[in-house]
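Enquirer: Have a look at this one before I ask anything.
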Amino acid sequence: MACPEWSEKLSAYLDAALDAEQTAAVTRHLETCPDCRQTLQEWQRLRERLRALPVPPPEAGMWRRVMHRAMRRVPARRFAMPRRLFWWMAAAACLVGVGLAWWWQQATPPSSLPRTAVNLLVGYHADAMALRLGDCPTWHLVASNELMEGE
Amino acid sequence: MCRMLRAGWLAWLTLAAIASVGMAQVNSLNLLKKATNPPVAYQGKIVVTTWHSKASDAAMLREWRLPDGRYRVEYLAPRNLRGVVLLSDGKRRWRLVNNRPVWQLPLDDAPLLQVDLLARNYRLSAPAPATLLGRKAWRVDVTPKVAGKPHHRFWLDAEHGILLRMETFRPDGTPIAFMTVTELHFLNPSAISPSLFTVPKKAARRSPQVRPLSRPEAQKRWSLVLPATLPAGFAFSGAEEVTLPHYRRPFLHARYADGLMLVSLFVVSEKGEGAKSEEPLLLSPTSTRLPVVRWKMREQVCYLVGEVSRPLLHRLAKALSQAKR
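First to last, the protein sequences are chains H and W. Just so you know, the numbering used here puts the end of the first sequence at 156, numbered straight through with nothing missing. Just so you know, the numbering used here puts the end of the second sequence at 328, numbered straight through with nothing missing.
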């Protein structure tokens, strides 16, 4: 979670919408704030994933069909739901959605857990070896990469 | 003229004597011990490259360290490792991925480097002067006395003992890993935000269970024999039972150390492991970055992992599989 006072600026920072002075201020803050750095990285990842989604080309004749439907007369509504019931149902759907998102977040393993036990064990060993030398990067890099196996 | 020459020689001899006395006072073992926890706060950028049978990897890291044992390491590159953070609060070391815990390892109260074992199993060169990042440093070569173990070369900051560079080679001379500190800034500990070293709340809540076991306890709980010593100078140095939140089956981790290197024995329940042979067998070199030997023992499967030569690892596995009470 980013610091509340920086959250808006972080978003603008990601869009390169800040002037030079504000950009420098955000950069300085990022140097010292792991939470904001983490949030920025998550946003960057999300944006990259969204950009990577394929955009399907429109089917032939799509515009003709859209215009045809738009020009048709809309039939009169046969059933009108009471407004209060509609809002209750929307609230219930939101609650279910939040619950499902929470459950999914808790149930899925961290993305770095490998699929095979042997990679996991080699990673654990490499981390233990790293600690013998004051957390030597040579060894914790082996652990980091073994844990990514099967991704 | 003759008097001037004599005076010059005398000055040179005096300087040489002072230098040799200074060198003798620098002890390689003490330097290595100091390297595990330098008494100064600093921020550094590190580049690492490793070569293994399966793959070669490289990474750029940034780390902050405090003299009280707290530290934070962040992966800056490659892209797939961004979000990996190693965090120590001085008692435990966490591995986090996007703020979620993978596991936490206890930082032993015992000294990290077992000096007596190291001296017994390795030859340490006299420290040789060097200059790295514009700072005075000492180079120490650590050569194993037994064939099949890697050779290490360390460059340590002369003032604070910070590990500035490290090279590791296989017994045949091929490189295993190079690590270099490319930037080093000393910091005032009070100016560093404590949040850098704080474990995220949600990570602390979903803590993996690590239960330290003595050798007799581990033997009893897991119905196996753990010898006190193994060939090539390895000695039992600790065990723990680990249950990871997303990997329900607990496993036993028993560590054998020779003062510098570590070999790990893992014991897991047989279910789904696919090991059929009770004879220790080396796994394919392309399946993991480090050599692994696997064998079956009653209802359990054992894995021995370590960066030693494959024949030596196989020898150690045989000793473990044939150990008797």
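Even glycine gets a Cβ: it sits at the ideal position worked out from N, Cα and C.
1. Check the C-beta distance from alanine 133 of chain H over to serine 217 of chain W and give it rounded, since I have them as a contact under 8 Å.
2. Determine the direct distance from the alpha carbon of arginine 258 of chain W to that of alanine 113 of chain W, and round the result to whole angstroms.
3. Taking 8 Å as the cut-off, decide whether the C-beta atoms of leucine 255 of chain W and alanine 231 of chain W are in contact.
4. Where tryptophan 141 of chain W and alanine 161 of chain W are concerned, what is the direct C-alpha to C-alpha distance, given to the nearest angstrom?
5. Using a Cβ cut-off of 8 Å (strictly closer), state whether threonine 143 of chain H contacts chain W.
6. Using DSSP bridges, identify the partner residues of proline 178 of chain W.
7. Taking three-plus beta-carbon pairs below 8 Å as touching, is the stretch 55 to 67 of chain W in contact with the stretch 80 to 88 of chain W?
8. So who's on the other strand from tryptophan 54 of chain W, going by DSSP bridges?
9. Could you compute how far the alpha carbon of lysine 94 of chain W sits from the alpha carbon of proline 59 of chain H?
10. Using a Cβ-Cβ distance under 8 Å, would serine 117 of chain H count as near chain W?
11. Quick one, which of W:Trp158, W:Arg103, W:Leu319 and W:Gly72 has its alpha-carbon nearest glycine 137 of chain W's?
12. Where glutamate 53 of chain H and glycine 72 of chain W are concerned, what is the direct C-alpha to C-alpha distance, given to the nearest angstrom?
13. Alpha carbons only, please: which of W:Ala320, W:Thr53, W:Pro70 and W:Val50 is nearest the one belonging to alanine 38 of chain W?
14. To the nearest angstrom, report how far apart serine 312 of chain W and arginine 318 of chain W are at their CA atoms.
15. Give the interface partners of methionine 182 of chain W over in chain H, defined as CB-CB distance under 9 Å, in chain order.
16. Are the CB atoms of glycine 309 of chain W and leucine 263 of chain W within a distance shorter than 8 Å?
17. So who's on the other strand from glutamine 303 of chain W, going by DSSP bridges?
18. Roughly how many whole angstroms lie between the Cα atoms of arginine 70 of chain H and proline 63 of chain H?
19. Would you decide whether methionine 67 of chain H is buried or exposed? Buried here means 16 or more other CB atoms lie within 10 Å of its CB.
20. Checking contacts by CB at 8 Å: is serine 312 of chain W closer than that to chain H?
21. Counting only the same chain and skipping the five closest in sequence on each side, list residues whose C-beta sits under 8 Å from that of glycine 236 of chain W.
22. Report the three-state DSSP secondary structure of phenylalanine 237 of chain W (helix, strand or coil).
23. In chain W, which residues lie with their C-beta within 9 Å of the C-beta of leucine 152 of chain H?
24. What are the uninterrupted segments assigned as alpha helix (DSSP H) that are 4 or more residues long and contained completely in the stretch 179 to 223 of chain W, given in chain order?
25. Rounded to a whole number of angstroms, what is the C-alpha to C-alpha distance between leucine 105 of chain H and tryptophan 97 of chain W?
26. Is DSSP giving alanine 98 of chain H helix, strand or coil here?
27. Going along chain H, which residues have a C-beta under 8 Å from aspartate 60 of chain W?
28. Please identify, using Cβ separations under 8 Å, the residues of the stretch 150 to 165 of chain W that lie next to chain H, in order along the chain.
29. Leaving out five residues on either side along the sequence, give the residues of the same chain with a beta carbon under 7 Å from the beta carbon of valine 270 of chain W.
30. Residues in its own chain within less than 8 Å of leucine 190 of chain W by CB, not counting five upstream and five downstream?
31. Between the stretch 192 to 205 of chain W and chain H, which residues of the former have CB atoms less than 7 Å from a CB of the latter, in chain order?
32. Can we say the stretch 278 to 285 of chain W touches the stretch 144 to 153 of chain H, given the rule of at least three CB pairs closer than 8 Å?
33. Taking the continuous alpha helix (DSSP H) assigned at valine 118 of chain W, which residues delimit it?
34. Please check if any C-beta of chain H sits within less than 8 Å of the C-beta of phenylalanine 239 of chain W.
35. Could you give the first and the last residue of the continuous beta strand (DSSP E) run that contains threonine 146 of chain W?
36. Return the CA-CA distance between arginine 297 of chain W and proline 39 of chain H, expressed in angstroms with no decimal places.
Expert: In brief:
1. 17 Å between Cβ atoms; not a contact.
2. Low local confidence applies: a pLDDT of 49 at alanine 113 of chain W is under 50, so the model's placement there is unreliable, with the coordinate-based value given in what follows. Straight through space, the alpha carbons of arginine 258 of chain W and alanine 113 of chain W are spaced by roughly 14 Å.
3. In this structure, leucine 255 of chain W keeps its C-beta atom at 8 Å or more from the C-beta atom of alanine 231 of chain W.
4. Here the C-alpha atom of tryptophan 141 of chain W lies approximately 6 Å from the C-alpha atom of alanine 161 of chain W.
5. It does: the Cβ of threonine 143 of chain H has a partner Cβ on chain W nearer than 8 Å.
6. W:Phe172.
7. Here the stretch 55 to 67 of chain W makes contact with the stretch 80 to 88 of chain W; the two share three or more CB pairs at distances below 8 Å.
8. DSSP output for tryptophan 54 of chain W lists W:Ser59 as bridge partner(s).
9. A direct Cα-to-Cα measurement between lysine 94 of chain W and proline 59 of chain H gives close to 47 Å.
10. Reliability of the predicted coordinates at serine 117 of chain H is poor, the pLDDT of 44 falling under 50, and the value obtained from them is presented with this limitation in mind. It does: the Cβ of serine 117 of chain H has a partner Cβ on chain W nearer than 8 Å.
11. Checked all of W:Trp158, W:Arg103, W:Leu319 and W:Gly72; the closest Cα to glycine 137 of chain W is W:Trp158.
12. Straight-line Cα distance between these residues: approximately 37 Å.
13. Among W:Ala320, W:Thr53, W:Pro70 and W:Val50, the Cα nearest to that of alanine 38 of chain W belongs to W:Pro70.
14. When the Cα atoms are used, serine 312 of chain W and arginine 318 of chain W turn out to be separated by approximately 10 Å.
15. Annotation: Cβ neighbours of methionine 182 of chain W in chain H (cutoff 9 Å, chain order): Cys141, Pro142, Thr143 and Leu146.
16. Taking C-beta atoms as the reference points, leucine 263 of chain W and glycine 309 of chain W fail to come closer than 8 Å.
17. According to DSSP, which records beta bridges pairwise, glutamine 303 of chain W is partnered with W:Ser272 and W:Met300.
18. Computed Cα separation, rounded: 12 Å.
19. Methionine 67 of chain H comes out exposed.
20. With a threshold of 8 Å between beta carbons, serine 312 of chain W makes no contact with chain H.
21. The answer, listed in chain order, is Leu120, Arg123, Asn124, Lys148, Val149, Asp261 and Gly262.
22. When DSSP states are grouped into helix, strand and coil, phenylalanine 237 of chain W belongs to the coil group.
23. Val87, Arg98, Val100 and Val105, listed in chain order.
24. Unbroken alpha helix (DSSP H) stretches of 4 residues or longer found wholly inside the stretch 179 to 223 of chain W: 204 to 208, given in chain order.
25. It is roughly 28 Å from the alpha-carbon of leucine 105 of chain H to the alpha-carbon of tryptophan 97 of chain W.
26. Three-state result, alanine 98 of chain H: helix.
27. Those are Leu146, Val147 and Asn150, listed as they occur along chain H.
28. Within the stretch 150 to 165 of chain W, no residue qualifies.
29. Residues of the same chain with a CB within less than 7 Å of the CB of valine 270 of chain W, apart from the 5 flanking positions on each side, are Trp225, Leu227, Phe254, Leu255, Gln303 and Cys305 in chain order.
30. Result list for leucine 190 of chain W: Ala44, Tyr45, Gln46 and Trp67, in chain order.
31. For the stretch 192 to 205 of chain W, which is checked against every Cβ of chain H, the residues closer than 7 Å are Ser196, Ser198 and Leu199.
32. Not touching, per the Cβ criterion.
33. Membership of valine 118 of chain W in the alpha helix (DSSP H) is indicated by the continuous run 118 to 124.
34. Not one beta carbon of chain H lies nearer than 8 Å to the beta carbon of phenylalanine 239 of chain W.
35. Per DSSP, threonine 146 of chain W is one residue of the beta strand (DSSP E) stretching across 138 to 147.
36. Arginine 297 of chain W and proline 39 of chain H: Cα-Cα distance of roughly 40 Å.
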